[in-house]
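Asks:
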Amino acid sequence: MDKTSPSGPIGIFDSGYGGLSVFKEIQQLLPQYDYIYLGDNARVPYGTRSFDTVYNYTKQCVFKLFEMGCNLVILACNTASAKALRTLQHNDLPAGKKVLGVIRPTTEIVHNYTKTNKIGILATTGTVKSESYKIEVHKFNPEIEVFQHDCPFWVPLVENNEINTEGAHYFVQKDIRELLQQSDQIDTIVLACTHYPLLLPVIEKYVPKAVTVISQGPIVAGSLQDYLHRHAEVEASCSKNGQLAFYTTDDPRDFETKAQIFFGKPVDASHISV
Ligand code: DGL
Numbered sequence: 002m003d004k005t006s007p008s009g010p011i012g013i014f015d016s017g018y019g020g021l022s023v024f025k026e027i028q029q030l031l032p033q034y035d036y037i038y039l040g041d042n043a044r045v046p047y048g049t050r051s052f053d054t055v056y057n058y059t060k061q062c063v064f065k066l067f068e069m070g071c072n073l074v075i076l077a078c079n080t081a082s083a084k085a086l087r088t089l090q091h092n093d094l095p096a097g098k099k100v101l102g103v104i105r106p107t108t109e110i111v112h113n114y115t116k117t118n119k120i121g122i123l124a125t126t127g128t129v130k131s132e133s134y135k136i137e138v139h140k141f142n143p144e145i146e147v148f149q150h151d152c153p154f155w156v157p158l159v160e161n162n163e164i165n166t167e168g169a170h171y172f173v174q175k176d177i178r179e180l181l182q183q184s185d186q187i188d189t190i191v192l193a194c195t196h197y198p199l200l201l202p203v204i205e206k207y208v209p210k211a212v213t214v215i216s217q218g219p220i221v222a223g224s225l226q227d228y229l230h231r232h233a234e235v236e237a238s239c240s241k242n243g244q245l246a247f248y249t250t251d252d253p254r255d256f257e258t259k260a261q262i263f264f265g266k267p268v269d270a271s272h273i274s275v
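Last residue of the sequence shown: number 275 in our numbering, and the count goes up by one each step with no gaps.
1. List the DSSP bridge partners of I13.
2. In three-state terms, what does DSSP make of K4?
3. If I'm right that I262 touches N161 with Cβ under 8 angstroms, what's the distance once you round it to whole angstroms?
4. Verify whether the separation of the beta carbon atoms of V191 and I145 is less than 9 angstroms.
5. Given 8 angstroms as the limit, is there contact between the region 145-154 and the region 118-129, that is, 3 or more CB pairs closer than that?
6. Would you mind giving the Cβ-Cβ distance between E68 and A222, rounded to the nearest angstrom? I have them listed as a contact below 8 angstroms.
7. Quick one: is the Cβ of S16 within less than 8 angstroms of any heavy atom of the ligand DGL?
8. Kindly indicate if chain D contains any beta-carbon less than 9 angstroms away from that of A233.
9. Can you tell me where the beta strand (DSSP E) holding Q261 begins and where it ends?
10. Are the beta-carbon atoms belonging to F14 and D53 less than 9 angstroms from one another?
11. With a threshold of 8 angstroms (Cβ to nearest heavy atom), would N162 be considered close to the ligand DGL?
12. Can you grab the Cα-Cα spacing for the pair V23 / I187, in whole Å?
13. Looking at the unbroken alpha helix (DSSP H) that takes in I220, where does it start and where does it end?
14. Thinking C-beta only, is V63 closer than 9 angstroms to V103?
15. Taking DSSP as the reference, what is the three-state secondary structure of C239?
16. Under a three-way DSSP split, which group does L31 fall into?
17. Let me know the secondary structure DSSP gives K67 once reduced to three states.
18. If you draw a straight line from the alpha carbon of K266 to that of P198, how long is it in whole angstroms?
19. Using three-state DSSP, classify I190 as helix, strand or coil.
20. Does DSSP put S271 in a helix, in a strand, or in coil?
Here's what the structure looks like:
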């Protein structure tokens, strides 16, 4: 880390509200740090967009968080982690700045859950097409077979707070059935989009009891804690006043209303242009 740059908040980025399912867990586990959450609600969804578009949008948001003083940014978004993280890390980072994603922490521990070595991935179309989960799971556990299914309607359902509606039940049941039809031995399903845990009460109705459903929030929070223990210079670059700030590229009042539901407590949001 650059010793001359002052410490700053940890940035948490997502295309919209989904990252709140990760941020909530991080903030509960590590309440001492300052955080800035940035939701690119004006341009959500990312999951149906091209590689270049997701990379460019993600880069703009990450650099906005750097400008606001963050030295460490978490991409609390699988689509951005799949399509932008590697390029950002290799080509774009200014000295003293770090970006981490959500795919590696998840694929590192998935073997702890499966006994059949057959896992299902529910994700956006972009994440599924990138094959990032297959590639990363096989780096650690080549014996695990990965079955994928994309759920293009789930993110709009969450963004519009259509969570316990007939439409949500229809699409969640249909997508889970289509995933599980690929193999009757899938015993673990990863919700590989940070929006999906917000649909958990509906998801649990349609997943057989013997199948474990994994949400990434607690996994990413634990992995961040471990990372900060192992990287003292990064830890020292994170300010510690327990303060939270929320920014959205869309309407802040709308963001406050929905974020409160997903984050579990009232939030104060401001508009930001990236
Ligand atoms: N929450 C994001 C993810 O984890 C992206 C959803 C979207 O914008 O399509 O993939």
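Yeah, the Cβ is synthetic: ideal placement off N, Cα and C, and Gly gets one too.
In this text the structure is predicted, and so the values were computed from the model without any measurement.
Replies: With the structure as the only source:
1. Y38, I75
2. Annotation note: pLDDT 49 at K4 (below 50); position unreliable, no value reported.
3. With a Cβ gap of about 12 angstroms, I262 and N161 do not count as contacting.
4. no
5. yes
6. About 25 angstroms separates the two Cβ atoms, so there is no contact after all.
7. yes
8. In the structure shown, chain D does not exist; there is a single protein chain.
9. Run containing Q261: none in the beta strand (DSSP E); it sits in the alpha helix (DSSP H), 253-264.
10. no
11. no
12. 25 angstroms
13. 217-231
14. no
15. strand
16. coil
17. A quick correction: the sequence has Phe, not Lys, at residue 67. F67: helix per DSSP, three-state reduction.
18. 17 angstroms
19. strand
20. strand
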